[in-house]
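In the numbering used here, the protein residues as written are 92 to 344.
All residues carry an ideal CB built from backbone N, CA and C; glycine is no exception.
Notes to accompany the following structure.
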């Protein structure tokens, strides 16, 4: 029985069910679906050992990118297009929801789902511990830090962006700026040297991409100027449209 079979069997057994037969090609999606819908709780050492092995083996077949692979475009700023779960920096930023528990939709391709999936089930459990200790939903524009577990990044910074319908208000702009500032402050307070930002609030949360990128860039530049921080910042984009927006802002040809 291979690693995927063992994990799928364990996850079904945890629910008191017998795992059906699955074609080899669908097993990765079956496993991902099962961990996506799983509530935060302890997993057995045996399951965690298999999951760690599976997720670490995944990275052997992917182009993991380090900061040394990138060229700064200005003032310790970098622009990179790719999968943030393959980026080896001190911290990656997750566009989280207010319970910080990740996306429960099976195989949904949002960044929250991807980060929780490929970090492993311990990330959701750690976020649940943080939220129970806090005692209330996470506010917009704040930041929390967790280990990266099986990600190449050492840590994950979780922040909740504003939900926008139409043109963003000044309040929503300030909330988005607070997301970036809070992450930078937390990263600096922990002595981190590099952080990679996703495009916060621009997906299902509806913030216009160009306006959001300007807030991101302006906030990072203002923070670095006012604090003297030498933290290296990567603007990570996935879509070509997002890359074009940031390239214009940063003067990348």
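Can you tell me which residues form a DSSP beta bridge with residue 169?
325
Is residue 127 near residue 197, with beta carbons less than 7 Å apart?
yes
For the alpha helix (DSSP H) that contains residue 124, what are its first and last residues?
118-128
Residue 94 vs residue 141 beta-carbon contact at 7 Å
yes
Going by Cα to Cα distance, which pick from 338, 286, 304, 298 is closest to residue 158?
286
For a test of the three-state rule: what should DSSP assign to residue 288, helix, strand or coil?
strand
Own chain, CB closer than 6 Å to residue 401, minus 5 neighbours either side, in chain order
The structure shown does not extend to residue 401, since the chain is modelled only from 92 to 344, so the question has no answer here.
Compare the Cα-Cα distances from residue 341 to each of 322, 234, 216, 309 and report the closest residue.
309
Among 251, 337, 315, which has the Cα closest to the Cα of residue 47?
Absent from the structure is residue 47, since the part of the chain shown begins at 92 and ends at 344.
In angstroms with no decimal places, state the Cα-to-Cα distance between residue 344 and residue 334.
11 Å
Inter-residue spacing [alpha-carbon to alpha-carbon] between residue 236 and residue 272
14 Å
In or out: residue 138 buried (at least 16 other Cβ within 10 Å) or exposed?
buried
Of the choices 223, 307, 277, whose alpha-carbon is the least far from that of residue 263?
307
Looking at residue 210 and residue 241, is the spacing between their C-beta atoms short of 7 Å?
yes
With DSSP as the reference, label residue 59 as helix, strand or coil.
The requested residue 59 does not occur in the structure, where the chain is confined to residues 92 to 344.
Does the segment 288-295 come close enough to the segment 179-194 that 3 or more CB-CB pairs lie under 8 Å?
yes
Residue 318 - DSSP class collapsed to helix/strand/coil:
helix
What's the C-alpha gap between residue 276 and residue 154?
30 Å
Cβ separation of residue 268 and residue 248, assumed to be a contact under 8 Å, to the nearest whole Å
Residue 268 to residue 248, Cβ: 15 Å. No contact.
For residue 323 and residue 167, which I take to be in contact (beta-carbon distance under 8 Å), what is that distance rounded to the nearest angstrom?
5 Å
Thinking residue 212 and residue 134 are a contact (beta carbons under 8 Å), I'd like their distance in whole angstroms, please.
5 Å
Does DSSP classify residue 208 as helix, strand or coil?
helix
Please say whether residue 327 and residue 171 have beta carbons closer to each other than 7 Å?
yes
DSSP three-state call for residue 293: helix, strand or coil?
coil
Leaving out five residues before and five after residue 147 in sequence, what residues of the same chain have Cβ atoms less than 7 Å from its Cβ?
241
Coil, strand or helix - residue 186 by DSSP:
strand
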